[in-house]
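Per the working numbering, the sequence shown starts with residue 101, numbered consecutively. Just so it is clear, CB atoms sit at the ideal spot from N, CA and C, and this is done for glycine as well. Remember, predicted model here, so these are calculated numbers, not experimental data.
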Amino acid sequence: LLPSSGRWEGYVAGAAAGHRAEIEWMRRTGLLTPVREWVAERHSFGDRRFAGGVVSQCFSAELTYGTSSEPTDWSWMCDRADEILAARWDAVVRVAGELVDLWSSGITVMPAGRVSSLVGGGM
Numbered sequence: 101l102l103p104s105s106g107r108w109e110g111y112v113a114g115a116a117a118g119h120r121a122e123i124e125w126m127r128r129t130g131l132l133t134p135v136r137e138w139v140a141e142r143h144s145f146g147d148r149r150f151a152g153g154v155v156s157q158c159f160s161a162e163l164t165y166g167t168s169s170e171p172t173d174w175s176w177m178c179d180r181a182d183e184i185l186a187a188r189w190d191a192v193v194r195v196a197g198e199l200v201d202l203w204s205s206g207i208t209v210m211p212a213g214r215v216s217s218l219v220g221g222g223m
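Following this line, the structure appears as C-alpha cells:
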C-alpha cells in the first residue's frame with residue numbers, strides 16, 4: 101500500500117489534490133454546480149479509499165469525514181490540498197494542459213523532467 105519512501109502527508113495530500121483540483125477548476129471556469137460537485141465527490145472514491153489505507157497503516161485508525169481537525173480526517177486532507185493548489189495553481193494548469201495535449205496524441209505518461217520544467221523546477 102504505502103511505499104516505504106516519503107512521508108504520509110504527501111500521500112494523503114496527493115490523494116486529496118486531484119479531487120480538490122477538479123472542483124477548483126470547475127469553480128474557476130464557472131462550471132461548478134451542485135450536481136457536478138456531487139459527481140466529483142463520487143469520482144474521488146478511490147482517492148478516499150487510498151487515504152483510508154494510509155490512515156490505517158500510519159495511525160491504526162479509520163478515516164473520518166468532516167468530524168475532526170485531525171490528520172486522519174478527509175476534510176483535513178482536502179484543506180492541505182487546497183493550500184498547495186492555491187499556491188501552485190498556475191503550475192497545475194500548465195501540467196494539465198500539457199497532459200491533454202499528450203493524451204490527444206496517444207501518449208499517456210509525461211516524463212518527470214517535463215513536469216519539472218512546467219512547474220518551475222519543483223513543487
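By a C-beta neighbour count over all protein chains shown, 10 Å radius and 16 as the cutoff for buried, is Met223 buried or exposed?
A caution first: Met223 carries a pLDDT of 45, below 50, which makes its placement in the model unreliable, though a value can still be read off. Flag for Met223 reads exposed.
Rounded to the nearest angstrom, what separates Gly206 and Gly152 at their Cα positions?
Annotation: Gly206 to Gly152 spans about 33 Å, alpha carbon to alpha carbon.
Output yes or no for whether 9 Å exceeds the beta carbon distance between Ala140 and Arg180.
Cβ distance not < 9 Å, so Ala140 and Arg180 don't count as in contact.
4 or more residues per run - each alpha helix (DSSP H) lying fully within the segment 149 to 186:
Listed in chain order, there is nothing to give.
Length of the line joining the Cα atoms of Arg148 and Ser169:
When rounded, the distance between both Cα atoms is 16 Å.
Using 8 Å as the cut-off, classify the Cβ of Ala161 as near or not near the heavy atoms of the ligand SAH, replying yes or no.
Ligands are entirely absent from the displayed structure, and the ligand SAH is therefore not among its contents.
Hey, how far is the Cα of Val209 from the Cα of Gly166?
CA-CA distance, Val209 to Gly166, rounds to 34 Å.
For the structure I just gave you, are there three or more beta carbon pairs, one from the segment 131 to 138 and one from the segment 170 to 190, closer than 8 Å?
The segment 131 to 138 vs the segment 170 to 190: no contact.
Tell me whether the segment 108 to 126 and the segment 185 to 201 touch, counting them as touching only if at least three CB pairs, one residue from each stretch, are closer than 8 Å.
Taking 8 Å as the limit for Cβ pairs, the verdict is that the segment 185 to 201 does touch the segment 108 to 126.
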